[in-house]
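All residue numbers for the sequence shown refer to my numbering, where the first residue is 1117 and numbers rise by one.
Glycine included, each C-beta is placed from N, C-alpha and C at the ideal position.
This structure is a prediction, so every number in the text was calculated from the model and none was measured.
Worksheet: one structure, shown below.
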Amino acid sequence: MATTATARTRGAAPSAPAPPAGPPARLRFGYASGSLVTATFTTLPGLLLLPYLTDTLGVGAALAGAVVFVPKAWDALLNPLVGRASDRTRTRWGARRPYVLWGGLAMAAAFALTFAGPLPGAAGAWFTAAGYLLTATAFAFFQVPYVAMPAELADRDEDRMRLVGGRVAVIGVAALVTGAAAPALIDAGGGGLAGHRWAGVFGAVVIALGALWVFAGTAATPGPAATPGPAATPGPAGPSGGAPPGRLPVAESEPGLRRQFAAARANPSFTALLRCAVVQSAATGVLLAGAPYFADHVLRDSAGLGALVVAFVAPNLLTVPLWSRLRGRRGYAWASALFAAGCLLLLAAPVLPDAAVLAVMALAGAGHAGQLLFLYAMLPQCIARGGARGGSRRAGVLSGLFTTCEGLGVAAGPFLFGLVLQLSGYVSSGTGRAAEQSATAELGVLAGFAALPALATAAAVVLLRGYDRPTAPTDP
């Protein structure tokens, strides 16, 4: 009987190995919920802060653009330091999650202060600038560790794409809700300073919920505990060998920031991604900052701002699964072509019916969804490849550099749009309502809103050409 059993065993066809399990739904949803913070910080200041300064506090357009830009320049210094700190952090909550929690909650409080508006005019502008500086500082402590997480939550490109795809989808939902609700809250609150206070409180609540949610959702899943120690190599249990996805183990970081920056410069794919991110984010920043002015002075309908935001953001929810079939630089180029085409078609907005304008905004939004997906998916790929070559922990610093470039771009957008308004003769107002503008100023609004993002996107595609080049063998 033993012989027969042996023969049966030898004759049986070997069973196919089970496909690797992807990240659990709880982890995917938990990580994606952090986009409530990211989208609120990007969308609401992008939409509201520049017109709040020019049309409620009476600040000149160029100075208002500088108020939006300076906190992001400060982040350029802060982000890599935050990344370095999170790389070296060891707590029972992991390396990144404490920053995500406390940075998000501090950011919520500072965001409410930004739009509190206790004083009108120049004094109110200084108060707003201080509040936004505090918000941007807290955002760095949230965003840098948050962006680093996918490289540690999953060890396959397919799983990282799923994590990032969920993140992009929630960005769409959050931007859709906050971008449509905040202008309505301002109107319901009576406009001016009082209305913006309600928008600030609303944004603070969404940010706090997102921070709490991502902290809880990325908690350790059942499995062996991760222990601080030397850098581990990827293994079957998860990206750190001994811990499953969601455990976020702490590994050794590079010994110094200078060496990590050298490693980033030696990685052509990563440096190309940085150049692309800053220019593309500037295009997005221009579009967000220009939307209220476009609604007021081109469409002649300030209440149409909410519809513009919905038309631009809604495609995020529908097109991400389609874009996910493409990969890397080629997918980004196709998405950018769609975004640029939509922006250029907006130049015809003065002669188009409102429905056609919304359709063109949706076309640009579909391209923007793909741009976000590919940029965010290429970042953890760069981090994972660098970690595989060097064996050291660089996720925090590399994500910090990426967040710096992305933030600078988003802030540079309103600054550039403010310069266009200033050069075209835009007249500020301290009444809470936009002043009547000359034909030249209205032309400047249209050109800045439609042509500038398209030109920046074309430059971003060119700057991404070095993404597929191999990493230098001397990478430390």
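Reducing DSSP to helix, strand and coil, say where residue i ends up.
i       : result
TRP1209 : coil
LEU1580 : helix
THR1349 : The pLDDT assigned to THR1349 is 36, lower than 50, so where the model puts this residue is not dependable; a value taken from the coordinates is nonetheless given after this. Of the three classes helix, strand and coil, the one that applies to THR1349 here is coil, per DSSP.
ASN1432 : helix
ARG1381 : helix
THR1172 : coil
TYR1542 : coil
GLN1487 : helix
VAL1414 : coil
ALA1575 : helix
PRO1234 : coil
LEU1292 : helix
GLY1306 : coil
PRO1569 : helix
SER1397 : helix
ALA1551 : coil
PRO1299 : helix
LEU1460 : helix
MET1265 : coil
ARG1272 : coil
SER1075 : Limits of the chain in this structure are 1117 at one end and 1592 at the other, which puts residue 1075 out of reach.
ARG1204 : coil
Measuring alpha carbon to alpha carbon, tell me which of the options ends up nearest residue i.
i       : options                               : result
PHE1455 : ALA1300, LEU1559 and ALA1576          : ALA1576
LEU1424 : VAL1286, ALA1405 and THR1573          : ALA1405
LEU1165 : VAL1526, TYR1215, THR1519 and PRO1140 : VAL1526
LEU1169 : GLY1483, THR1207 and ALA1241          : ALA1241
ALA1290 : PRO1266, PRO1187, LEU1197 and LEU1152 : LEU1152
LEU1562 : ALA1464, LEU1532, LEU1279 and ALA1478 : ALA1464
GLY1282 : PHE1145, VAL1476 and PRO1569          : PHE1145
ALA1654 : LEU1301, ILE1323, VAL1183 and ARG1200 : Within the shown structure, residues of the chain are numbered from 1117 to 1592, placing residue 1654 beyond reach of any answer.
SER1082 : SER1544, ALA1528 and LEU1462          : Nothing in the structure corresponds to residue 1082, since the chain is present only between 1117 and 1592.
SER1554 : GLY1162, THR1519, ASP1412 and THR1435 : ASP1412
TRP1105 : ALA1449, ALA1254, LEU1301 and LEU1460 : The question about residue 1105 has no answer here: the residues shown for the chain are numbered 1117 through 1592.
LEU1524 : ARG1204, PRO1140, ARG1391 and VAL1286 : ARG1391
ARG1597 : PRO1234, ARG1142 and ALA1264          : The requested residue 1597 does not occur in the structure, where the chain is confined to residues 1117 to 1592.
ALA1557 : ALA1332, GLY1311, VAL1543 and MET1477 : VAL1543
VAL1545 : PRO1167, SER1418 and ARG1142          : The displayed chain sequence assigns Ser, not Val, to residue 1545. If we check each option's Cα against that of SER1545, PRO1167 comes out closest.
LEU1421 : ARG1276, LEU1579, LEU1580 and ILE1302 : ILE1302
ARG1381 : VAL1198, ALA1335 and PHE1518          : PHE1518
ASP1470 : LEU1442, VAL1414, ALA1430 and GLY1333 : VAL1414
GLY1295 : GLY1560, TRP1450, ARG1445 and ALA1430 : ALA1430
PRO1496 : PRO1266, LEU1250, ARG1208 and ARG1204 : PRO1266
Spatial neighbours of residue i within its chain, please: C-beta separation below 8 Å, excluding the five flanking residues on both sides.
i       : result
GLY1582 : PRO1384, SER1385, THR1387 and ALA1388
ALA1574 : SER1452 and ALA1456
PRO1437 : GLY1281
ALA1551 : ASP1171, VAL1543, SER1544 and SER1545
Just to confirm, is the Cβ distance from residue i to residue j under 8 Å?
i       : j       : result
PHE1428 : PHE1565 : no
ALA1407 : CYS1521 : no
VAL1284 : ALA1453 : no
ALA1315 : PHE1231 : yes
GLN1538 : ALA1178 : yes
SER1149 : VAL1330 : yes
PRO1140 : ARG1212 : no
ILE1287 : LEU1163 : no
ALA1480 : GLY1458 : yes
THR1435 : ALA1482 : yes
VAL1395 : LEU1579 : yes
ALA1192 : ALA1399 : no
LEU1462 : THR1334 : no
Excluding the 5 residues flanking residue i on each side, which residues of the same chain have their C-beta closer than 6 Å to its C-beta?
i       : result
GLY1319 : THR1156, LEU1160 and PHE1227
MET1494 : LEU1389
GLY1548 : THR1172, GLY1307 and GLY1308
GLY1534 : ALA1177, ALA1178, ALA1180 and GLY1181
PHE1490 : GLY1447 and TYR1448
GLY1311 : ILE1302 and GLY1305
Pull up the CB-CB distance for residue i and residue j, whole angstroms please, since I reckon it's below 8 Å.
i       : j       : result
LEU1269 : TYR1147 : 7 Å
GLY1220 : GLY1326 : 6 Å
VAL1402 : LEU1532 : 6 Å
LEU1194 : ALA1245 : 17 Å between Cβ atoms; not a contact.
PRO1187 : GLY1516 : Between GLY1516 and PRO1187 the Cβ distance is about 16 Å, and since that is not below 8 Å, they are no contact.
PHE1185 : VAL1216 : About 26 Å separates the two Cβ atoms, so there is no contact after all.
LEU1514 : CYS1498 : 7 Å
GLY1115 : GLY1174 : Nothing about residue 1115 can be reported from this structure: the residues present for the chain run from 1117 to 1592 only.
SER1440 : MET1277 : 6 Å
LEU1460 : ALA1570 : 5 Å
Here's a check: name, in chain order, each residue in its chain whose Cβ is nearer than 7 Å to the Cβ of residue i, leaving out the five neighbours to either side.
i       : result
TYR1492 : VAL1280, ARG1283 and VAL1284
THR1158 : VAL1526
ASP1417 : ALA1411
GLY1233 : GLY1240, LEU1309, HIS1312 and ARG1313
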